[in-house]
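Peer 1: Numbering (full-length UniProt numbering), first residue to last: 1 to 261. Have a look at this one.
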């Protein structure tokens with residue numbers, strides 16, 4: 001099973017160790033593209049601050065991110081599992097998994113990134129600020145840029161069930177197609193209250209984090225979307241099939257919650 005996750009906007013501080021080594025990151029087919037985005041981002045942030053803030057969509061309170069990006073080549077790197085924070089990762093709780101579950105997380109989780117394309121949780125990276133929605137000179141829209149770079153790399157590692165939990169901005173970086181799409185499942189989180197169902201936002205991330213954690217802790221290894229539904233039902237989640245997958249679109253599953261917390 002391959003689980004596709006979005007990153008978090010908030011990130012822990014960079015570490016005290018060695019800087020990122022692009023040639024040591026997983027998915028080596030993305031190395032050249034990563035180098036180009038890193039050079040473009042650092043160049044932008046070492047230039048005019050107002051321009052960098054506009055391109056990156058930074059509010060005045062986040063202007064310190066520009067200097068952080070400018071220093072990325074020398075910044076200490078740490079495992080991506082320690083860099084990404086936020087609601088989804090808080091509920092996933094990587095640091096509290098036992099050894100077996102953490103090993104499964106290292107093998108199955110892939111975090112998408114405007115800067116790195118996609119990384120494993122064991123990849124050592126510095127803290128950065130660059131969302132997938134950015135149009136980064138001279139590369140342009142990062143979603144489209146990474147879509148080209150991932151077109152041949154991602155299908156090589158997506159050799160089983162793909163559980164796609166990314167937000168729309170990060171889903172733009174790679175869209176499973178053909179045979180891969182037919183064994184890919186996306187998840188929508190709905191809250192049911194007084195007989196009515198609504199899409200939740202903040203708690204969408206929390207629920208997705210819990211789903212992944214439950215699968216990892218249980219040692220579940222579903223091979224198809226049908227087996228994924230069975231596994232989630234067995235773990236106590238209310239799951240319904242919204243649409244079966246085809247060669248053009250993934251399976252769509254609804255997870256229904258009655259309480260959001």
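For each residue, glycine too, the CB sits at the ideal point set by N, CA and C.
Under 8 Å by Cβ, that's how I've got residue 197 and residue 124 pegged, so tell me the actual separation to the nearest angstrom.
Peer 2: Locating residue 197 in the chain shown gives position 197, counting from the first residue. Locating residue 124 in the chain shown gives position 124, counting from the first residue. Actually they do not touch by this definition, with Cβ atoms about 42 Å apart.
Peer 1: Which ranges would you report for the beta strand (DSSP E) in the region 122-173 if only whole runs of at least 3 residues count?
Peer 2: 162-164
Peer 1: Could you pull the start and end residues of the beta strand (DSSP E) that residue 256 belongs to?
Peer 2: Mapped onto the chain shown, residue 256 falls at position 256. 251-257 is the span of the beta strand (DSSP E), which, as asked, contains residue 256.
Peer 1: Pull up the distance between the alpha-carbon of residue 106 and that of residue 83, whole angstroms please.
Peer 2: By 1-based counting over the chain shown, the position of residue 106 is 106. By 1-based counting over the chain shown, the position of residue 83 is 83. Residue 106 and residue 83: Cα-Cα distance of roughly 15 Å.
Peer 1: Residue 92 to residue 211, Cα distance in whole Å?
Peer 2: By one-based count along the chain shown, residue 92 stands at place 92. By one-based count along the chain shown, residue 211 stands at place 211. Each residue's Cα considered, the two are about 8 Å apart.
Peer 1: Just curious, the alpha helix (DSSP H) that residue 18 is in, first and last residue?
Peer 2: Locating residue 18 in the chain shown gives position 18, counting from the first residue. Note, residue 18: premise wrong, no alpha helix (DSSP H); beta strand (DSSP E) at 15-19.
Peer 1: Along the alpha helix (DSSP H) that carries residue 44, what are the first and last residues, could you check?
Peer 2: Looking up residue 44 in the chain shown gives position 44. First-last of the alpha helix (DSSP H) with residue 44: 31-45.
Peer 1: Can you give me the C-alpha to C-alpha distance between residue 34 and residue 67, rounded to a whole angstrom?
Peer 2: The residue you call residue 34 lines up with position 34 of the chain shown. The residue you call residue 67 lines up with position 67 of the chain shown. Taking the straight line joining both Cα atoms gives about 20 Å.
Peer 1: Between the alpha carbons of residue 112 and residue 194, how many angstroms are there, rounded?
Peer 2: Here residue 112 refers to the residue found at position 112 of the chain shown. Here residue 194 refers to the residue found at position 194 of the chain shown. Approximately 36 Å between the Cα atoms of the pair.
Peer 1: With a CB to CB cut of under 6 Å and the five nearest residues on each side skipped, what residues in its chain are close to residue 186?
Peer 2: Residue mapping note: residue 186 aligns to position 186 of the chain shown, counting from 1. Cβ within range, chain order: 164, 250, 252.
Peer 1: Whole angstroms is fine: what's the gap from residue 148's alpha carbon to residue 23's?
Peer 2: Here residue 148 refers to the residue found at position 148 of the chain shown. Here residue 23 refers to the residue found at position 23 of the chain shown. Using only the alpha carbons, I get a separation of about 20 Å.
Peer 1: Residues in the same chain with beta-carbon distance under 8 Å from residue 156, minus the five sequence neighbours each way, listed in chain order, please.
Peer 2: If you number the chain shown from 1, residue 156 lands on position 156. Cβ within range, chain order: 29.
Peer 1: May I ask you to check if the CB of residue 153 is nearer than 7 Å to at least one heavy atom of the ligand HEM?
Peer 2: Of ligands this structure carries none, so the ligand HEM is not represented either.
Peer 1: With C-beta atoms as the reference, is residue 240 less than 8 Å away from residue 256?
Peer 2: Counting from one through the chain shown, the residue named residue 240 turns up at place 240. Counting from one through the chain shown, the residue named residue 256 turns up at place 256. Cβ distance < 8 Å, so residue 240 and residue 256 count as in contact.
Peer 1: I'd like the list of long-range same chain contacts for residue 224, defined as Cβ closer than 7 Å, with 5 residues on each side in sequence excluded.
Peer 2: Your numbering for residue 224 matches position 224 in the chain shown. The answer, listed in chain order, is 161, 183.
Peer 1: Figure out for me which residue from 154, 208, 259 has the closest Cα to the Cα of residue 192.
Peer 2: As a first step, residue 192 must be located in the chain shown, where it is residue number 192. Nearest of 154, 208, 259 to residue 192, Cα basis: 259.
Peer 1: How is the alpha helix (DSSP H) around residue 68 delimited, first residue to last?
Peer 2: Counting from 1 along the chain shown, the entry for residue 68 is found at position 68. First-last of the alpha helix (DSSP H) with residue 68: 64-70.
Peer 1: Three or more beta-carbon pairs under 8 Å between the region 121-138 and the region 53-66, yes or no?
Peer 2: The region 121-138 is in contact with the region 53-66.
Peer 1: Is residue 215 near residue 231, with beta carbons less than 8 Å apart?
Peer 2: Here the question's residue 215 lines up with position 215 in the chain shown. Here the question's residue 231 lines up with position 231 in the chain shown. Yes, the Cβ-Cβ distance between residue 215 and residue 231 is below 8 Å.
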